[in-house]
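Written below as structure tokens is the structure these notes are about.
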Amino acid sequence: MRILLTGGAGYIGSHTLVELLANKYKVCVVDNLSNSNIEFISRVQNITKKEFKFNLVDICDHNALSKVFESFRPEIVIHFAGSKSVKESFDNPLKYYKNNVFGSINLLNVMDKYSCSKIIFSSSATVYGNPEYLPIDENHKVSPSNPYGHSKLMVEKIIKDWSTTYNNKSCILRYFNPIGAHESGLIGEHSHDHPNNLLPIIENVFIGKENNLKIYGNNYKTPDGSGIRDYIHVVDLAKSHVAGIKFFDGTKSSDVFNIGTGKGNSVFEIVSIYEKVAKKNIPYVVEGRRKGDISESVADPSKARTKLSWKAELTIEDAIKHSVNWKLKNPNGYNN
Ligand code: NAD
Ligand code: UFG
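Every number in the numbering used here is 5 more than the matching position in the sequence shown, counting from 1.
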């Protein structure tokens, strides 16, 4: 089976690539390296001892993307490519609508041209907005509170209409909060810009790149006042895509799944686990709430368990242990 990964050089894409190669799929990666580094190729080859194709192509470029389809003829696309910063999406919303929405429409058009009828799409728990109940199941109303979330929801709707109209197959995965790295320490989260997510910032404090962590709010209605999230090991998340591929063998053509653990941890809990695993103090200061943040987000992952036969296996301690290992070996990501 030939699988094309858009954004396969990125954080989640590269871990998924490792799982796909381990499962003997033929893989072609398309990435413009806007938030990744060509170094990922040798790292993935080092882990898997397998070959795969790579094309330096922007998904918004119809002709270049068509050429890749012409030669590789993918049967399934896993679509990771996109911009992902909530903060940046408030500052530059059009970038998000162009890269995420226009880029996806362009991709679907090229898929149609080459009769590729199956897509797995990286969506986000951010589409739910402020939860009305917890844990969040897939029937929860969707109401994103930032341009990034709007762009993800728009693509979900476009993909649903595309699958219904043309009788194509789609598997929409709503990721909760991916953290951690491959246990080898060869691949992990790499960002060209200053990170905004909790774990990459704690990592920078850990190696002394930043003086302290700013904890955004200690007055939420949670047991310790800090925000709670469902942190999932990126390797577990990567494996959900292999389950997504197998889902296409079934009778139901299209569906949406939460990809999370079902357990939440607060910011203070994460800091404390990190300190224990890294055997180092993580200094922090408590600041006001961050714009667009919600108090709590925890997945009900039971639908993925039942219908995809997938569930998260690794613990939060595993994820943090692997995150520490990655950062110690690669203090500047791939730019060492
Ligand atoms: P990432 O930035 O590490 O990976 C995205 C990859 O896409 C990068 O390699 C980047 O160079 C590439 N890319 C971006 N725009 C492109 C374009 N126009 N053409 C070709 N390549 C392009 O991000 P990630 O964390 O691996 O996220 C992957 C997907 O998962 C994204 O769609 C993101 O929105 C979604 N997601 C991520 C999270 C998270 O917290 N990391 C949570 C929910 C959903
Ligand atoms: N936090 C801090 N200090 C920081 C960074 C984060 O206290 O420096 C807190 C946040 O307030 C929140 C928690 O840590 O309570 C997690 O924050 P992240 O930025 O790591 O994650 P979010 O849940 O805000 O958002 C992430 C991605 C989104 C995605 C969402 C759901 O950034 O793109 O998870 O998948 F949509």
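All C-beta atoms, glycine included, are put in the ideal place defined by N, C-alpha and C.
Here the alpha carbons of N217 and V210 stand approximately 6 Å from one another. Restricting attention to G267, K296, L333, K55, the CA atom closest to the CA of A309 is found in G267. Of all alpha-carbon atoms in G108, I163, R48, R295, the one lying nearest the alpha-carbon of A14 is that of R48. Bridge pairing for H238: I184 [DSSP]. For the set S150, V132, N151, the Cα lying nearest the Cα of N144 is the one of V132. Proximity of the beta carbon of S328 to the ligand NAD is not indicated: no heavy atom of the ligand is located closer than 8 Å.
With fewer than 16 other Cβ atoms from the protein chains shown falling within 10 Å of its own Cβ, S76 counts as exposed. Taking C-beta atoms as the reference points, L9 and I81 count as a pair closer than 9 Å. Beta-bridge annotation (DSSP): D260 is paired with C176.
Proximity of the beta carbon of N37 to the ligand NAD is indicated: a heavy atom of the ligand is located closer than 8 Å.
I110: member of the alpha helix (DSSP H) spanning 108-118, first to last residue. Sorting K251, G293, L158, A283 by C-alpha distance to the C-alpha of G230 places G293 at the top. Of the candidates W331, H197, I207, the residue whose Cα lies closest to the Cα of V239 is W331.
Within the chosen limit of 8 Å, the ligand UFG reaches the beta carbon of S129 through at least one heavy atom.
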